[in-house]
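Participant: Have a look at this one.
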Amino acid sequence: MVAVLVVKADGGVSSVDVFQRSGRVDLASTDFEEATGWVLKPEGLCKGDICYPVRNVDELSDGVNIDLAVFAKLTNQSLLFDREYEVAALGELAPARAKSMSTLNAPDFRLPDIHGKQVSFSDFNRRKRLLLAWSSW
Amino acid sequence: MQDSGLQIIAVALDADEKAVVEWATKQTLTFPVLIDKFHIVADLYGLVNVPAAIWIDENDKIVRPADGTPGSDLFRSFSHVDSEVHHNLLRSWVLDNSRDLDDAQVRDFQLPPTQDLQDARLHRRIAIALRERGDARDEIGSRKHLARAEELAPFDWTIRRGNMPLAGVDPFGDEFFKFVGEWSQAGRPGYKLGTGRETKPKAI
């Protein structure tokens, strides 16, 4: 059993159970959309208006599970997988991040506040915002 | 300035939720304080240290990228940043819509990541997840991933300094000053010489 952290379409993070099977990291198809923000459609892997074609669906999914390494490759993300400790993390590759930063569009994200309530950056849209990052360290 | 329509959103890049909640509940805050234990905002907006401020306008456009912006001059001798400069710039933007940087300059002063930095961020996320899963063996795995993140991003403060309390190291102790020495020797990568933007930041 492996916990995966995924930056979802709305910038949220999910830690989901996945399965390790002969060196692969599999995520149940039923958890896929909720965990990743992506949907497998006839036209390919889609998130919002973006779709990446999937030439070999069988390689990506056996109908029950999604192979996360194949998913990461098809959608241009990186997957880091520690077999020994059974944890994986999915993230954005540097060129994709550089490209999204250069658009100057403020990316949305969703994080818990100090009371545990999930708050989205987009909850405050249509006004000027000062995003202040700090820490206790 | 919140009366003039500015919404402040504070994000703590912190795996120690308790410390954040303790601090925030002691203050009378008029804005939300969010907890970003996986450093998602650092990844999305290219942050390499705290404190940092980013300005976003009514149309979701970044009009000033991540910049070291202290609320006071406590660390001025070190950061070379005059807090009043940023306060004044912010006031002009909020009240008069006047920006000190145009779009091209905003792009120029952003810090797009290297692949090593992106990989370091994933190692750090794995380290936090292991730490939370929490048996003794997981703690060993967590330390391993923290160490790998530091090798990959030796000059990123959110990783190097942010890791210190997680690894039981004093963030104001010898190891911190050793890091500052290495970082200064390397030409203060990721930092600008003050909010006046005299120089372009050196890549991490």
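Residue numbers (this note's numbering), protein chains in the order written: chain D, 1447 to 1583; chain A, 294 to 497. Where is the CB? At the ideal position from N, CA and C, for every residue including glycine.
What residue from Leu-382(A), Asp-360(A), Ser-385(A) and Asp-412(A) has the CA that sits closest to Glu-1538(D)'s CA?
Facilitator: Asp-412(A)
Participant: Is DSSP giving Gly-298(A) helix, strand or coil here?
Facilitator: coil
Participant: Count the other CB atoms within 10 Å of the CB of His-1561(D); is the residue buried (16 or more) or exposed (fewer)?
Facilitator: Exposed.
Participant: Rounding to the nearest angstrom, what Cα-Cα distance links Gly-455(A) and Ser-435(A) in this structure?
Facilitator: 14 Å
Participant: Give every residue of the same chain whose Cβ lies closer than 7 Å to the Cβ of Gly-489(A), excluding the five residues on either side of it in the sequence, and list them in chain order.
Facilitator: Bear in mind that the predicted position of Gly-489(A) carries a pLDDT of just 43, short of 50, making it unreliable; the figure below should be weighed with that in mind. Val-378, listed in sequence order.
Participant: Closer than 8 Å by C-beta to Val-1471(D): which residues in its own chain qualify, once you throw out the five before and the five after it? Chain order, please.
Facilitator: Val-1448, Val-1450, Val-1464, Phe-1465, Asp-1513, Leu-1514, Ala-1515, Leu-1525, Phe-1527 and Ala-1534
Participant: What's the gap between the Cα of Asp-1559(D) and the Cα of Asp-350(A)?
Facilitator: 22 Å
Participant: Find out if the Cβ-Cβ distance for the pair Ala-1579(D), Ala-446(A) is shorter than 7 Å.
Facilitator: no
Participant: Which residues mark the beginning and the end of the beta strand (DSSP E) in which Glu-1538(D) is found?
Facilitator: 1533-1538
Participant: List, in order along the chain, the chain D residues whose C-beta lies closer than 7 Å to that of Pro-482(A)?
Facilitator: Within 7 Å Cβ-Cβ: nothing; Pro-482(A) doesn't reach chain D, min ~16 Å.
Participant: Kindly examine the ligand HEM and report whether one of its heavy atoms sits closer than 6 Å to the Cβ of Leu-1536(D).
Facilitator: The ligand HEM is not part of the structure shown, which contains no ligands of any sort.
Participant: According to DSSP, is Asp-1528(D) helix, strand or coil?
Facilitator: Asp-1528(D) falls in the strand class under three-state DSSP.
Participant: Grouping DSSP H, G and I as helix and E and B as strand, with all else coil, what is Asn-1511(D)?
Facilitator: Strand, per DSSP.
Participant: Any idea what DSSP makes of Asp-366(A), helix, strand or coil?
Facilitator: Note on Asp-366(A): pLDDT 49, under 50, position unreliable in the model; no value is reported.
Participant: Can you find a C-beta in chain A that's less than 7 Å from the C-beta of Val-1481(D)?
Facilitator: The question names Val, but residue 1481(D) in the sequence shown is Ala. Using a CB distance cut-off of 7 Å, Ala-1481(D) does not count as an interface residue toward chain A.
Participant: Measuring straight from C-alpha to C-alpha, what distance separates Glu-1505(D) and Ile-301(A)?
Facilitator: The alpha-carbon separation between Glu-1505(D) and Ile-301(A) amounts to approximately 46 Å.
Participant: Any idea what DSSP makes of Ile-1560(D), helix, strand or coil?
Facilitator: Coil, per DSSP.
Participant: What residue range is occupied by the uninterrupted alpha helix (DSSP H) comprising Ser-1475(D)?
Facilitator: 1475-1482
Participant: Bridge partners of Trp-450(A), per DSSP?
Facilitator: Trp-450(A) pairs with nothing; no bridge assigned.
Participant: Across which residues does DSSP place Leu-1577(D) in a beta bridge pair?
Facilitator: Ile-302(A) and Ile-347(A)
Participant: By the three-class DSSP mapping on this structure, what secondary structure does His-373(A) have?
Facilitator: With a pLDDT of 49 at His-373(A), under the threshold of 50, the predicted position of this residue should be treated as unreliable, though the coordinate-derived value follows. Of the three classes helix, strand and coil, the one that applies to His-373(A) here is coil, per DSSP.
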